[in-house]
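A.B. asks: Just dropping this structure here.
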Amino acid sequence: ELFSEMGVFSDEECDARQRVMYENYSTTLAIEVQTLVAMVETGILPVCAEDLAKYTAAPSLKGEREETYISIKTETDKLKKLFASRPHDLAAEAFYLCDSVKPQMEVVRSLVDEAEGLLAKGLYPYPTYEELIYSHHS
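Using the UniProt record's numbering, you'd call the opening residue of the sequence shown number 1 and step up by one each time.
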């Protein structure tokens with residue numbers, strides 16, 4: 001409203017600008033969801049399974065690993081279902097992604113961060129924050 005009231009944009013230009021912003025947001029978030037799911041399914045879950053297998057001889061030492069790793073799979077599946085259920089109206093999709101999908105991405109990310117702390121050094125398939133920050137010092 002501000003842009004049209006001040007004569008900066010016509011109503012049509014404001015509508016077009018809004019559509020472009022919704023589309024950009026939805027496209028960006030879609031890429032982020034698909035990337036997160038791919039990283040979890042092809043990188044995180046396989047090393048979690050590998051890590052868990054090491055504890056078959058001493059199950060009392062596995063601690064919270066199994067629960068955390070299963071939660072990653074469960075919450076990633078939930079994310080995939082939420083993403084697949086998104087509406088296809090531009091505005092509705094953008095708000096749905098923001099209100100429903102993005103919080104679920106945070107749940108998955110939090111669990112993956114937890115798993116990172118449980119995995120043996122060198123097993124985590126992606127650079128850690130520490131490695132990224134200090135890689136230029138070596």
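The C-beta atom is built at its ideal place from N, Cα and C for all residues, glycine as well.
Values in this document were obtained by computation on a predicted structure and should not be read as measured data.
1) Any idea if Q34 is buried or exposed, counting beta-carbon neighbours within 10 angstroms, 16 or more meaning buried?
2) Do you know how far the Cα of V47 is from the Cα of V37?
3) Curious, which full-length alpha helix (DSSP H) runs of at least 4 residues does the stretch 97-133 contain?
4) Is it right to say V8 is buried, meaning 16 or more other beta carbons lie within 10 angstroms of its own, or is it exposed?
5) Does the Cβ of I31 have 16 or more other Cβ atoms within 10 Å, making it buried, or fewer, making it exposed?
6) With a 10 Å radius around its C-beta and 16 neighbouring C-beta atoms as the bar for buried, classify E93 as buried or exposed.
7) Label V40 either buried or exposed according to how many other C-beta atoms from any shown protein chain fall within 10 Å of its C-beta, with 16 as the threshold for buried.
8) Quick check on the DSSP output: the alpha helix (DSSP H) that includes D11 runs from which residue to which?
9) Do L111 and T68 have their C-beta atoms within less than 8 Å of each other?
10) Verify whether the separation of the beta carbon atoms of L45 and I72 is less than 8 Å.
11) R86 to A57, Cα distance in whole Å?
12) Buried or exposed: which applies to S26, given that a residue is buried once 16 or more other Cβ atoms fall within 10 Å of its Cβ?
13) How many whole angstroms separate the CB atoms of F83 and V101, which I take to be in contact at a CB cut-off of 8 Å?
14) Using the C-alpha atoms, what's the distance from G43 back to E50?
C.D. replies: The short version:
1) exposed
2) 15 Å
3) 102-118
4) exposed
5) exposed
6) buried
7) buried
8) D11 to M39
9) yes
10) yes
11) 44 Å
12) buried
13) 6 Å
14) 11 Å
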